[in-house]
Ligand code: ADP
Ligand code: ASP
Ligand code: MG
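Numbering (this note's numbering), first residue to last: 535 to 977.
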C-alpha cells in the first residue's frame, strides 16, 4: 500500500474504528461523537471508520433471505453496504451537532478499490487523495467500513463488501495507506482475551499478542478481529490497538512480539460454531477422485477447511471435510451428481459441529500440548471427531452442544486465567523506558 502523506505533515494522524455495538443507537452515536471530538481537540488529524449500527448487517441479510433464498451477490453487496452508509452519515451529523467539521465517505469515495469477489472482496489498493484533501480542509473523515469498489473499466464500477467483520480490515488498510501514527479498534470488550469473555468468565485480557497468534485466533473463530485485518497489519507493520469504546482503559496491542518464542505457552483459545462436516463413504481409492470432488467446490467459491482421508481398505476409503454451515446446501447440490457418477456408497452431513483451538507460538517447540489438550477434552467427556494442526495451533472438531464445556475445560487445563510472568527481556525493556509498549505504526 502506497505511502501517502507529505513528509512535511508534522501533525499526528490517528485512525479509529468503531464496531456495530459501539454505535448501536442514537445515544451511543452521540457518545462516540463526543469521544471523537475529544481526540480531535488534542490537535491531531483523525480518520474514523465505522461498522453498521448494531445488528443491521444481520437484519439486511435476513431481509434479503425473506425475498429470495438465492440472492444475487452483486445486489446483496449493494444492499449490505447501505448499513455502513447509514452509520457513517449519522456519526458525521453527530459531530456537526458538536461543532466539529466532518464528512462521511463511502468506501468508493474514500478511494478503496477491491477485486470483484462479491461478499468477500480483497482490497487491491487505496488512493487516499480524497481523504487527504478533506483532512487538509480541516474535516474529520468518517469512512464507511466493510466496502469498496471494484473497477472493471472507468465506466463500470461495482460496490463490493469485504466479508463479515470487514470494517476492521478497512481501518487497518486506511491506517497503512495513510501511514497513520495509531490504529485503534474500539469495540464492546476491553481488548483481546485468552478466550471469548462471553463464554469464559475468568478469561484474562492480554496486554500484547503477536500478529501470528492473533491471526490464528481470528481464523479459528475469535470474531473480535477479522483475520484479514490482522494479516494486513502484519504485512504493513501497523500496530493495532483493540480497546473498549465504553471505558477509558488500555487495550491490547497486536504487534510484532519480540518475546513470542520465549513465552512458550498457549496464549489463547478460539471457538467457532459455524462448522459443518461432510463425509463421503466408500470412495473409490484411485487417482483423480479428490480432484473430482474438490475442484468443483473451489470453483463455486466453497472454502474447504480441514480434509481427512482414511487409509483405504478393499479399494475404497472414506473422505471427510469441513466447511462453513452457509455453504452446506450448495456443497450438497454440487456433490450429489458426483457421488452418483463416481460410485461412492453415500454422502452424510452433520451441520451441528464446532471447533475449538488452542493457539500459541510455544506450541511449535514443545510436544506435550496435543496430549494435554486431548486429556482435558476426554476428562470433560468431549468426543473429538477430527483434529487439525498448524505450527502454532491445534484444533479439534467436536459436537456443537459441547463447545462451552470444551472451552472452559481447556481454559482451566492450560491455566489461562493466571497472569503471565514478565520475561527477562520485558523487564529490561520496562526498566529502560520500554520499547515494546507504544502504539506507533512503524509503516
Ligand atoms: P464489533 O462490533 O466492535 O466489531 P465484534 O462483535 O465483531 O465487535 O467483536 C467483539 C466480540 O468478540 C466480543 O463481544 C467477544 O464476545 C468476541 N470475542 C471472541 N473471542 C474473543 C477474544 N479472544 N477476546 C475478546 N473478545 C472476543
Ligand atoms: N457490518 C459488517 C458485519 O456485520 C462489518 C463489520 O461489522 O465489521 O459483518
Ligand atoms: Mg467485528
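A virtual CB, placed ideally from N, CA and C, is assigned to each residue, including glycine.
Residue i beta carbon near the ligand GTP (any heavy atom closer than 7 Å)
i: residue 718; result: You won't find the ligand GTP in this model; what it holds is the ligand ADP, the ligand ASP and the ligand MG.
Nearest neighbour of residue i, chosen from the options [CA to CA]
i: residue 804; options: 891, 608, 698; result: 891
i: residue 675; options: 691, 955, 709; result: 709
i: residue 907; options: 937, 943, 876, 938; result: 943
i: residue 844; options: 825, 636, 819; result: 819
i: residue 786; options: 659, 745, 815; result: 745
i: residue 775; options: 835, 714, 827; result: 714
i: residue 604; options: 863, 936, 937, 872; result: 863
i: residue 607; options: 697, 640, 619; result: 697
i: residue 545; options: 575, 600, 646, 903; result: 575
i: residue 868; options: 836, 840, 850, 886; result: 836
i: residue 648; options: 680, 671, 619; result: 680
i: residue 700; options: 731, 777, 724, 611; result: 611
i: residue 551; options: 858, 905, 758, 813; result: 758
i: residue 553; options: 882, 760, 826, 822; result: 760
i: residue 742; options: 766, 638, 793, 717; result: 793
i: residue 839; options: 783, 922, 686, 609; result: 922
i: residue 731; options: 802, 766, 882, 692; result: 802
i: residue 857; options: 851, 849, 842, 703; result: 842
i: residue 850; options: 655, 832, 828, 821; result: 821
i: residue 874; options: 826, 568, 833; result: 826
i: residue 643; options: 672, 656, 655, 685; result: 685
i: residue 654; options: 636, 682, 579, 691; result: 682
Supposed contact pair residue j and residue i - C-beta distance, whole angstroms, cut 8 Å
i: residue 748; j: residue 764; result: 5 Å
i: residue 705; j: residue 941; result: Not quite, the Cβ-Cβ distance comes to about 28 Å (not below 8 Å), so this is no contact.
i: residue 855; j: residue 817; result: About 12 Å separates the two Cβ atoms, so there is no contact after all.
i: residue 587; j: residue 622; result: Actually they are not in contact, since the Cβ atoms of residue 587 and residue 622 sit about 10 Å apart, beyond 8 Å.
i: residue 740; j: residue 719; result: Between residue 719 and residue 740 the Cβ distance is about 14 Å, and since that is not below 8 Å, they are no contact.
i: residue 584; j: residue 678; result: 7 Å
i: residue 814; j: residue 853; result: 4 Å
i: residue 646; j: residue 660; result: 5 Å
i: residue 694; j: residue 652; result: 6 Å
Cβ shell of residue i (< 7 Å), same chain only, five flanking positions each side left out
i: residue 806; result: 754, 755, 888, 889
i: residue 884; result: 810, 811
i: residue 571; result: 629, 632, 634
i: residue 502; result: The first residue shown for the chain is 535 and the last is 977, placing residue 502 beyond what the model contains.
i: residue 556; result: 562, 566, 720, 721, 722, 779
i: residue 914; result: 939, 940, 943
i: residue 937; result: 805, 807, 888, 890
i: residue 823; result: 817, 876
i: residue 598; result: 605, 610, 613
i: residue 865; result: 812, 831, 836, 857
Contacts around residue i, its chain only, beta-carbon distance under 8 Å, and the 5 residues preceding and following it disregarded
i: residue 712; result: 538, 539, 547, 549, 581, 662, 665, 666
i: residue 735; result: none
i: residue 624; result: 557, 560, 563, 587
i: residue 750; result: 804, 891, 893, 924, 926, 927
i: residue 918; result: 908, 911, 930, 931, 932
i: residue 886; result: 933, 934, 935
i: residue 777; result: 718, 719, 720, 721, 724, 725, 783, 784, 785, 786
i: residue 897; result: 800, 903, 925, 926, 927, 928
i: residue 945; result: 728, 729, 734, 736, 737, 803, 951
i: residue 846; result: 819
i: residue 639; result: 622, 664, 665, 668, 675, 676, 677, 678
DSSP three-state assignment for residue i, whether helix, strand or coil
i: residue 796; result: helix
i: residue 848; result: coil
i: residue 747; result: helix
i: residue 802; result: strand
i: residue 956; result: coil
i: residue 541; result: Residue placement at residue 541 is flagged as unreliable, the pLDDT there being 48, under the threshold of 50; a coordinate-derived value is accordingly withheld.
i: residue 755; result: coil
i: residue 585; result: coil
i: residue 761; result: helix
i: residue 893; result: strand
i: residue 536; result: Below a pLDDT of 50, predicted positions are generally treated as unreliable, and residue 536, at 46, falls in that range; the measurement from the model is reported next regardless. Coil at residue 536, not helix or strand.
i: residue 767; result: helix
i: residue 733; result: coil
i: residue 590; result: helix
i: residue 779; result: coil
i: residue 900; result: coil
Neighbourhood of residue i by C-beta, 6 Å cutoff - its chain only, sequence neighbours within 5 removed
i: residue 948; result: 800
i: residue 789; result: 773
i: residue 880; result: 815
- For the region 807-886, list the beta strand (DSSP E) runs that are entirely contained and at least 3 residues long, ordered along the chain. Entirely contained in the region 807-886, the beta strand (DSSP E) runs reaching 3 residues are, in chain order, 841-843, 850-857.
- At which residue ranges does the region 596-658 contain complete beta strand (DSSP E) runs of 3 or more residues, listed in the order of the chain? If only uninterrupted beta strand (DSSP E) runs of at least 3 residues are considered, those enclosed by the region 596-658 are 636-639, 646-648.
- Item | Residue ranges of each beta strand (DSSP E) within the region 547-576, 3 or longer | Residue ranges of uninterrupted beta strand (DSSP E) with 3 or more members, entirely inside the region 547-576 and ordered along the chain, are 547-552.
- Completely contained alpha helix (DSSP H) runs for the region 908-958, where each covers 4 or more residues: Qualifying alpha helix (DSSP H) stretches, in chain order: 937-947.
- Complete runs of the alpha helix (DSSP H) confined to the region 663-721 [at least 4 residues]: With a minimum length of 4 residues, the continuous alpha helix (DSSP H) runs that stay inside the region 663-721 are 663-670, 701-711.
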